[in-house]
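Please read the structure below before turning to the comments.
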Amino acid sequence: MSRIEAKKPSLCTNDPLTKERVSFSLSVLSGIVKSCYGPTGRLKQLHNGMGGYVRTTSQSSALLGGLSITHPALKVLTASVQNHISRFSDCGLFTAILCCSLVEHFQRINFAACTVTKISRHLLSLCTDYLKSEACGCRVSVDFDSIKTLLSLVRSILASKPACMLNKTEANHLSTLVLKAFLLTIPHTIETNVVLGKCVIIPVKGKRVMDSTVFPGLLIDIPEFQFARTFPVKRVSSSAIKMALFCISMSGDLSNIGEGTVIVHHGISLEVAVLDQLLNLGKQLVNDQVGLVVCQKVIHPSLKQYLKEHCVITIDRVGVSMMEPLSQMTGSQPIAALHSVSPTCYGSLKDLRTESFVSKHFLHLVPNDTLVCSLILCNRNEMAWDELKLACQTAEHVLQLTIKQPLALLGGGCTETHLASYIRHKSFTLPTSVLKAIDCSRTQYQLVADAFCRSLECVACCLEHDDGEILTDMVYGHFWSVQSGFPSDCNWSDLVLKCGCGIYNNQRNLNWTVLRSQYIPFAPQSCSNEPSINSTDHLVLDCFTAKCSGLQVAVETANLILDLSYIVEDQN
Amino acid sequence: MIMAFRNMNRRCHIGLQQLSSLASIGRTFLGPVKSYKFIVDESTSESILTCSAVRLLESLDLTSAVGQLLNETIQAQNKEYKTGMTTLLFLVGAWSSAVLECLQQNVPFSLIVSVMSEGLNSCSEKVQCLQLSVHNLYKGPNSVPIHFTSSSLHSHQASPCDPHNRCLNLHVCPTDYITPSLVEPVGNKTMPAVPGSSLIASSYIKRTRLTHSRYFNTPGKKHCSLQVDNFGGPPTGPAAYPYEFNDFGQLAMALSHGNQSSMKLVQDIVRCQQEVADHTGSSQFNIAEVVTCCLPGLSEHYSCVCPGYITLVSPEKATVTKQLQDRPLQILLVDGDLTEKYRHLGFNRPSNVRTISENVGLQESSSESLWINCVLDILIQAKVNLVLVKGNVCESLMERCILNNILIINPVTLNVLHAFGKGTGVQLVTYLSQVNSYCVGSSVWVDFWRTGDLSTMELDNKVPISIKAEGIHLVTAVLSSTVSSKMQITEDQFWTCAYRLHHALTDQKVFPGGGAVELLCLSHLKKLEEQSLKQPDKKPSEDFYMSSCWLTKSLTQYKPVVLKALASGWHQYLSRVICNTAHYASEFEASASIEHHLKKAADYCSPSAYILKEFNKRDKLMVDFGLSTKPEEAVKIYDNVTPKVEAWRRALDLVLLVLQTDAEIITGPKRNQLLNSHVSSEFIFL
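Those protein sequence lines, which keep their order, are chains G and R. Taking UniProt numbering, I'd label the letters of the first sequence as residues 1 to 572. Taking UniProt numbering, I'd label the letters of the second sequence as residues 1 to 686.
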């Protein structure tokens, strides 16, 4: 007998953003993401409070994945940021901070949501048009002939993740490795359809970061005792080893038995039947002169023994993540059946070696055409390794995005301040026809534009976590940090050293002013003909594609959140 | 699911305070004179005696996030190096309180992080000039000396050379049953004879040669100089260096840090492995082929090293052993369980298969007895007498095997199985159905483990037996301790010694010990500090990498303070070590002595040269572990290179990680608990 309970009525909240609880939660969330931003960002310990794994991180993907948020308005925010991260990997914190600031600043001017939406959409289009135009003053083109810009791009990403615990030498070493690994995945001959190879990250925890390295081909971790007894390999010819790749379990169980009950007569063993089938398969593999059998899952010990006695090397439990690179590298089709294996499924390898490296042992699969490489990633402990892996994956993804669109934006807050001064200038010189088209007054437009610019500047200011003061120059609109508490009559150029991205130094008088003070709008100059772009080693650069998308996502999401007028919650 | 969020205050950083107080409990473990700690569990009244950082943290209830991070860091160091954990723990404490002081002086967080981490980097590079090379020290077994102390003598008799030799001889000339009595030199000063020496004559000759130590026989061969790396340019010749290792034994003793008896065992292991290696061609100290067998309650005198595998078995199995001793056995190695229901990892049992039977009389239990019969058939047909099993063994099978004079030993670790696999050239099996001729090894011998007077013994109703095979490199260290509660400590100390020697040989270099390295760090940091005060850098220095530009600007203002904080860690470490050696009555005196040496080092042409000079003189500051009674026997103290530098780095990383953490985010079903706790006001709930 079931108990019947009356359904609870749904709960409807109007104007959710005006509620104190929501704005408080929003400010806490905004505080969390803001404090994590940049190379000196503060870290967060994520744990379950019951002795579980403690993850120390400042990266948006780990942070947002670990937060459990209940309020729908905040959920909208985190969901769109997480969606951005899944597509671009980079600029997650930028997106989240900008979105929070936009909501806070727009709420403060207290206009009708539709007016704000219209104007901010227009401002967004101004930004994206500017960023995509040749005249854009805060982007640099990435030259793939030299590694300097690419290295700066990678180094900026790694340096902005303090929980990786890298020092300068280690950051440089890893940046070079990530770039090297990426270059190994680019095909030598460019056809119409370019497919990049794969970089597989091999975990080695507990070792020094400087022990990390890159190998072309694939490395598969094997236990030491197997290492000693692996060779010789059965070869088809001197430079070809036939290989079979299985993606189903070869453990001899009946995993794909389906629903319902199977009735077996006493004395008949299903296990023995499956094992016979496996051994028949083994016979076929031996007859087909296969030299290496790789299985995603487990291989039955008896089959392993049989193959070993026939000089066939077996590797099992390689995991699903290895399957795609393995198949891509060797040309083998993953086999999903234990009978009638077609010889066309076999792939081939150029060579098979063993590598011993930082007291670990690997089987090195050398392909004919190296589009797959292995990045052996070392870090001292589990937590720092997790953080570093995430950072390296982000860097690899950013390089892939950059090869599609060879541009980079100035980092270190310079793009944000530059863009803010550009928008300020534009909003003052906006033709009346445009205002008419979006149906708002100039004052309204300028107020929203000011809130928009302040939000951008706010993101830049979040890079400073040690109570420094932020200046901007009135020529390029770049970001400069100085120690707070300076005397009012001092010479600015004595205080500043370099701008955030590292292009300019204090040599010229650039007419500095405190960032959030009122100043006359000016048209910021472009840095593109600056000689120091190519001479400076340590430019801070951001991914163009990821940041443009982040800007868009932030503005759209902020508009959506501001537009929420009712929340209907099902309470059952 | 809820999320709570706690902010950490700036001025009194909670995380750092926790870290500093947690780490302070390990202060007495530093140095050669350790104080033991009792850890008492109030609920069960059980207590543990410990003097190591790892065991201490293992036994503590560390539920706070910071405590857990500390434990993880210590465990990671332990997993990787097995040494340096106490140093790590101490430095975590010292550095976290030093950083707290920096915060009191309003030094920006980011500046502390980068100056400290680059400062440590600079020190780690600086101390490389103190490294002493050991690569030409290891010239084969002749360079491993034999020690004639009463305890080691005892162990050598007990060490199973005799039964082992007997076995091998028997194997070669199986008809000659008189051999055993011939080669049993009771009370003779023999060394483990070389396994594989097949003739009585040769082993006899060997023995007479061995009664005189090679240590005294060929002194010219084993003078291996210990050279100084990177010190004053390329080495010009051994004469230029004041450090000479006469032999391998000195290195080992110098690395023993007071645990001479454990280190002697390690030395014996190296020699044992070398002797086998001479016959098989492979070489070096292989720590993977070392196992321990603990005999709690026995006198320390029984500690010794034996080739092969020593383990404790039940009296029933001892009876089988008695039947099987004195003849070559056939061995089977099983890397799973020996039960009917056992399946290999990754085998999923289908839930929806039902077996029906037309024969009503058949019973459930019969399938097991069928299986046992089948297994027994296989074992008997393959003429297997000895089975080493990694996992569990079915009780009734065990009984049946005992009746059939088949000895099953379990559980046996994987490295032991592989050592036997390698030695006898057979493959491991998971199921007995796999057994074929490639899986059954021969020439394996079992015997009772015998003490010095060749008597067997019984311990807590268990009997130690030894299993040996021709060509096997496996060596067992039999450890005993009269005080049972000290057994764990004895075993830990043995492994620490083994790993110290292992690291010295893999690194091929050692540091001068007794505080020399830390002293150089202090002097180096002082120099950096003075430099930064003298020449306020106009341009950002390349050494110190700042992400924010104003921080680079204000580096000169804060750099001396932060470098001082970094130095204070090592300073505290040194004075604590000196204090624990009991040369000085107080930390104050110790500290004064350090200052005195620092001043002298600064006045000397090069601080590293001064430190090496003092190290050679073995001044009081250079901690003398008080091992020797006669000055000419005094042993120098050496430290491992990589484990030490890594321990520093891990300690600082942890402190800086906690420093940079400003909030704890707790996710989980503990909302009410947190709300009701006394700290609920510190949390924000989202």
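C-beta: ideal position from N, C-alpha, C; glycine also.
Only residues of its own chain outside the window of five on either side were considered, and among them Q18 have a CB closer than 7 Å to the CB of S64/R, listed in chain order. When DSSP states are grouped into helix, strand and coil, F448/R belongs to the strand group. Its Cα nearest to that of V514/G, the residue T472/G stands out among R208/G, A554/G, S356/G and T472/G.
In the three-state DSSP reduction, S327/G falls in the helix class (H, G or I).
A distance below 8 Å between beta-carbons, with the five flanking residues on each side excluded, links S302/G to the following residues of its chain, in chain order: G252, L275, L278 and L279.
Within the segment 364-395 of chain R, the runs of beta strand (DSSP E) that reach at least 3 residues and sit entirely inside it are, in chain order, 386-389. Across the segment 466-497 of chain G, CB contacts with chain R closer than 9 Å involve D466, D467, G468, E469, W480, S481, V482, Q483, S484, L495, V496 and L497, in sequence order along the chain. Listed along chain G are P301 and S302, each with a C-beta nearer than 9 Å to that of Y431/R. Look at Y566/G here: in three-state DSSP terms it is strand. Taking a cut-off of 8 Å on C-beta distances, the segment 287-303 of chain R does not touch the segment 248-257 of chain R, as fewer than three cross pairs fall below it. Bounds of any beta strand (DSSP E) do not take in I403/G; it lies within the alpha helix (DSSP H) bounded by E382 to K404. Y558/R has a beta carbon lying at 8 Å or more from every beta carbon in chain G. Among the bridge pairs identified by DSSP, R139/G is matched with L409/G. In the structure shown, T213/G adopts extended strand secondary structure according to DSSP, grouped into three states. Among the bridge pairs identified by DSSP, H361/G is matched with S356/G. Residue range L11 to N14 is occupied by the beta strand (DSSP E) that includes L11/G, with no alpha helix (DSSP H) assigned at that position. CA-to-CA, the gap between W492/G and H465/G works out to about 21 Å. Under the Cβ criterion of 8 Å, V318/G is not counted among the residues facing chain R.
The beta carbon of Y499/R is closer than 6 Å to those of K82 and T83 in its chain, skipping five residues each way along the sequence. Below the 7 Å Cβ cutoff, chain R contributes S117, E118 and N121 as neighbours of N167/G, in chain order. It is roughly 29 Å from the alpha-carbon of L497/G to the alpha-carbon of A96/G. A Cβ-Cβ contact shorter than 8 Å links L285/G with A244/G. Using a CB distance below 7 Å, the part of the segment 256-272 of chain G facing chain R consists of I257, G260, T261, V262, I263, V264, H265, H266 and L270, ordered along the chain.
Following the DSSP letters along the chain, one finds C414/G inside the alpha helix (DSSP H) bounded by residues C414 to F428. Restricting attention to N78/R, E395/R and L91/R, the CA atom closest to the CA of I25/R is found in L91/R. Straight across, the Cα-Cα distance linking I74/R with G119/R is about 22 Å. Under the DSSP assignment, P307/R falls in the beta strand (DSSP E) whose first and last residues are C304 to P307. The beta carbon of A163/G sits closer than 8 Å to some beta carbon of chain R. Here DSSP, grouped into helix, strand and coil, assigns V318/G to coil. D507/R sits close to T642/R, with the two beta carbons spaced by under 8 Å.
By the criterion of at least three beta-carbon pairs nearer than 8 Å, the segment 475-495 of chain G is not in contact with the segment 400-407 of chain G. Contact between R576/R and R27/R holds: their C-beta atoms lie close to 6 Å from each other, under 8 Å. In this structure, the straight-line span from the alpha carbon of L459/R to that of F285/R is close to 31 Å. Closer than 8 Å to the CB of K553/R there is at least one CB belonging to chain G.
Contact between V389/R and V375/R is ruled out by a C-beta separation of about 12 Å, above the 8 Å threshold. From the beta-carbon of T545/G, no residue of chain R is found nearer than 8 Å; the closest lies around 24 Å away.
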